[in-house]
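Before any comments, here is the structure.
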Amino acid sequence: MADVTNSGREKMAEEERSAEELKEKANKYFKEKDYEKAIKYYTDALELNPENAIYYSNRSLAYLRTECYGYALADATRALEIDKSYIKGYYRRATSNMALGKFKAALKDYETVVRVRPNDKDAKMKYQECNKIVKQKAFERAIASDDLKKSVVDSLDIENMMIEDDYAGPKLEEGKVTLKFVKEMMAWFKEQKKLHRKCAYQILVQVKEVLAKLPSLVEITLKETEKITICGDTHGQFYDLLNIFELNGLPSETNPYLFNGDFVDRGSFSVEVILTLFGFKLLYPNCFHLLRGE
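In full-length UniProt numbering, the protein residues as written are 1 to 294.
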């Protein structure tokens, strides 16, 4: 019995040593800003030692760097489940919630960090920033009134907006969205260039008019020979959206699409994603469908 117990302990100790080596390897890749490899090796370390709060916290930070805020939140939460006193876990969870727009939850964790580390300047700054947002949101809710609500569209003077001579990007044709315009816009965005604000406003105003006419429940009828492509949340990942169209073809009357909600949160290219989706909605209002979401 003693030999079996000792053997088990030795195996556990060996796995912990191997896990530490993998963590150090992950740390190296993290310092080199190769976050994908860092995530891989943190994951490998967790497979050997799944009850290590530090590994979860480190992987959470790597996920934050890659804008995978949901995964970052899950890892930070797991780190705290393992060790409630692990202060970095609270900091990671707060940062994740901030990125996801969950400011009250973030503020609670920042308060914990500041209370434990009152001299941490970065934590104090984040706490103050988050606290300011929470108070601002509360103020906005307090002064909101349905009677005073007015669409920003009503205050726009799009016709008199000038497009500068040095702007070389795509423009709507006689104020209308065309397939040529949408293709040029996607190529423009792919080069990480900005669409002129007049064009963006034109798209937003027109799509508002289209969407406002839709019922809350839209029924889609397909014949037995027809198909529709259903896509999950894009989360502001423009290059993933381009990849979908490259693999499956651009939307058209014979190639309909349905996109689920959460179009714009988390990713760095939210504007590019939503303007592209709105462009196709204007082109094919009956064949390109957008479910309600962010």
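Note that CB positions come from ideal geometry on N, CA and C, so glycine has one too.
These figures come from a predicted structure and were not determined experimentally.
Task: Secondary structure of Leu217, DSSP reduced to three states - done: If you number the sequence shown from 1, residue 217 lands on position 217. Three-state result, Leu217: coil.
Task: Stretch pair the stretch 124 to 138 + the stretch 99 to 114: three plus CB contacts closer than 8 angstroms - done: Result yes; three or more Cβ-Cβ pairs closer than 8 angstroms.
Task: Ser252 - DSSP class collapsed to helix/strand/coil - done: Walking along the sequence shown from the start, residue 252 turns up at place 252. Residue state, collapsed to three classes: strand.
Task: Reduced DSSP category for Leu290 - H, G, I as helix; E, B as strand; rest coil - done: Here residue 290 corresponds to residue number 290 of the sequence shown, with the count starting at 1. Collapsing the DSSP output to three states places Leu290 in a strand.
Task: DSSP three-state assignment for Glu172, whether helix, strand or coil - done: Taking the first residue of the sequence shown as 1, we reach residue 172 at position 172. According to the sequence displayed, residue 172 carries Leu and not Glu. Three-state DSSP puts Leu172 in coil, outside helix and strand.
- [ ] Report yes if the CB atom of Lys290 is closer than 8 angstroms to the CB atom of Met185, and no otherwise.
- [x] Here residue 290 corresponds to residue number 290 of the sequence shown, with the count starting at 1. Here residue 185 corresponds to residue number 185 of the sequence shown, with the count starting at 1. Note that residue 290 corresponds to Leu in the displayed sequence, not to Lys. Contact: no.
Task: Spatial distance of Leu250 from Ala13 (CA atoms) - done: For this step, residue 250 is matched to residue 250 along the sequence shown. For this step, residue 13 is matched to residue 13 along the sequence shown. One Cα belongs to Leu250, the other to Ala13, and the distance between them is close to 55 angstroms.
TODO: Could you check the C-alpha separation between Phe30 and Phe181 for me, to the nearest Å?
DONE: Here the question's residue 30 lines up with position 30 in the sequence shown. Here the question's residue 181 lines up with position 181 in the sequence shown. One C-alpha to the other measures close to 41 angstroms.
Open item on the list: So, at 8 angstroms on beta carbons, what are the nonlocal neighbours of Leu22 in its own chain, with the 5 sequence-adjacent residues on each side left out?
Closed with: If you number the sequence shown from 1, residue 22 lands on position 22. Taking C-beta separations shorter than 8 angstroms and ignoring five residues to either side along the sequence, the partners of Leu22 in its chain run Tyr41, Tyr42, Asp44, Ala45 and Leu48, following chain order.
- [ ] For Tyr239, count neighbouring Cβ atoms within 10 angstroms of its own Cβ and tell me buried if that reaches 16, exposed if not.
- [x] As a first step, residue 239 is located in the sequence shown; it is residue number 239 there, counting from the start. The residue in question, Tyr239, is exposed, as its Cβ has fewer than 16 Cβ neighbours within 10 Å.
TODO: Answer yes or no: do residue 313 and Gly267 have a C-beta to C-beta separation smaller than 8 angstroms?
DONE: Residue coverage of the chain in this structure runs from 1 to 294, which leaves residue 313 outside it and unanswerable.
Task: CB-CB length for Lys190 against Leu242, believed under 8 angstroms - done: Reading the sequence shown from its first residue, position 190 is the one you call residue 190. Reading the sequence shown from its first residue, position 242 is the one you call residue 242. A Cβ-Cβ distance of about 7 angstroms is found for the pair Lys190 and Leu242, placing them in contact under the 8 angstroms criterion.
Open item on the list: Please report the straight-line C-alpha distance between residue 300 and Tyr284, rounded to a whole angstrom.
Closed with: The first residue shown for the chain is 1 and the last is 294, placing residue 300 beyond what the model contains.
Open item on the list: On the DSSP bridge list, what partners appear for Tyr257?
Closed with: Counting from one through the sequence shown, the residue named residue 257 turns up at place 257. Looking at the DSSP assignment, Tyr257 forms a beta bridge with Thr229 and Phe288.
- [ ] Run the CB neighbour count on Asp122, radius 10 Å, all protein chains shown included, and call it buried at 16 or more, exposed below.
- [x] As a first step, residue 122 must be located in the sequence shown, where it is residue number 122. When all chains shown are included, Asp122 counts as exposed.
- [ ] Compare the beta carbon distance of Ser96 and Ser60 with 8 angstroms and say whether it is the shorter of the two.
- [x] Residue numbering aside, residue 96 sits at position 96 when the sequence shown is read from its first letter. Residue numbering aside, residue 60 sits at position 60 when the sequence shown is read from its first letter. Taking 8 angstroms as the Cβ cut-off, Ser96 and Ser60 qualify as a contacting pair.
Task: Where the alpha helix (DSSP H) containing Ser268 begins and where it ends - done: Counting from one through the sequence shown, the residue named residue 268 turns up at place 268. Ser268 -> no alpha helix (DSSP H), and no H or E assigned at all.
TODO: Give the secondary structure of Tyr86 by DSSP, where H, G and I count as helix, E and B as strand, and everything else as coil.
DONE: Along the sequence shown, read from residue 1 onward, the residue named residue 86 stands at position 86. Reduced to three states, the DSSP call for Tyr86 is coil.
TODO: Please go through the same chain and pick out, in chain order, the residues whose beta-carbon is closer than 7 angstroms to the beta-carbon of Gln202, but skip the five residues on each side of it.
DONE: On the sequence shown, residue 202 is found 202 positions in, with the first residue counted as 1. Only Ile158, Leu172 and Gly175 meet the Cβ criterion.
Open item on the list: Quick check on this structure: which residue in Arg65, Tyr71, Ile54 and Leu64 has the alpha carbon closest to the alpha carbon of Ala79?
Closed with: The count along the sequence shown starts at 1 and reaches residue 79 at position 79. Ile54 is the residue among Arg65, Tyr71, Ile54 and Leu64 whose C-alpha sits nearest the C-alpha of Ala79.
TODO: Round the Cβ separation of Leu64 and Ala74 to the nearest angstrom and send it over; I've been treating them as touching at under 8 angstroms.
DONE: In the sequence shown, the residue the question calls residue 64 occupies position 64. In the sequence shown, the residue the question calls residue 74 occupies position 74. Approximately 12 angstroms separates the beta-carbon atoms of Leu64 and Ala74; this is outside 8 angstroms, ruling out the contact.
- [ ] Can you grab the Cα-Cα spacing for the pair Leu156 / Tyr91, in whole Å?
- [x] For the purposes of this step, residue 156 is taken as the residue at position 156 of the sequence shown. For the purposes of this step, residue 91 is taken as the residue at position 91 of the sequence shown. Rounded to whole angstroms, Leu156 to Tyr91 spans 41 angstroms at the Cα level.
Open item on the list: Let's test the definition: count the other Cβ atoms within 10 Å of the Cβ of Asp147 and tell me whether it reaches 16, buried, or not, exposed.
Closed with: What you label residue 147 is simply residue 147 of the sequence shown in a count that begins at 1. Note that Asp147 scores a pLDDT of 49, beneath 50, so its modelled location is shaky; the value from the coordinates is reported in the next line. With fewer than 16 other beta carbons inside 10 angstroms of its own, Asp147 counts as exposed.
Open item on the list: Counting C-beta neighbours from all protein chains within 10 Å, is the total for Ile228 16 or more, i.e. buried, or is it exposed?
Closed with: Taking the first residue of the sequence shown as position 1, residue 228 is located at position 228. The residue is exposed, with fewer than 16 neighbouring Cβ atoms inside 10 Å.
- [ ] For Ala94, count neighbouring Cβ atoms within 10 angstroms of its own Cβ and tell me buried if that reaches 16, exposed if not.
- [x] For this step, residue 94 is matched to residue 94 along the sequence shown. By the 16-neighbour rule on beta-carbons within 10 angstroms, Ala94 is buried.
- [ ] Taking the CB atoms as reference points, tell me whether Pro170 and Trp188 lie closer together than 8 angstroms.
- [x] As a position in the sequence shown, residue 170 is number 170, starting the count at 1. As a position in the sequence shown, residue 188 is number 188, starting the count at 1. Result yes, Cβ atoms of Pro170 and Trp188 sit closer than 8 angstroms.
TODO: Under 8 angstroms by Cβ, that's how I've got Val273 and Thr234 pegged, so tell me the actual separation to the nearest angstrom.
DONE: What you label residue 273 is simply residue 273 of the sequence shown in a count that begins at 1. What you label residue 234 is simply residue 234 of the sequence shown in a count that begins at 1. Contact holds; Cβ gap of about 5 angstroms.
- [ ] Compare the C-alpha of Ile163 against each of Cys199, Ile244, Lys126 and Thr77 and name the closest.
- [x] Position 163 of the sequence shown, counting from 1, holds the residue named residue 163. The shortest Cα separation from Ile163 among Cys199, Ile244, Lys126 and Thr77 belongs to Cys199.
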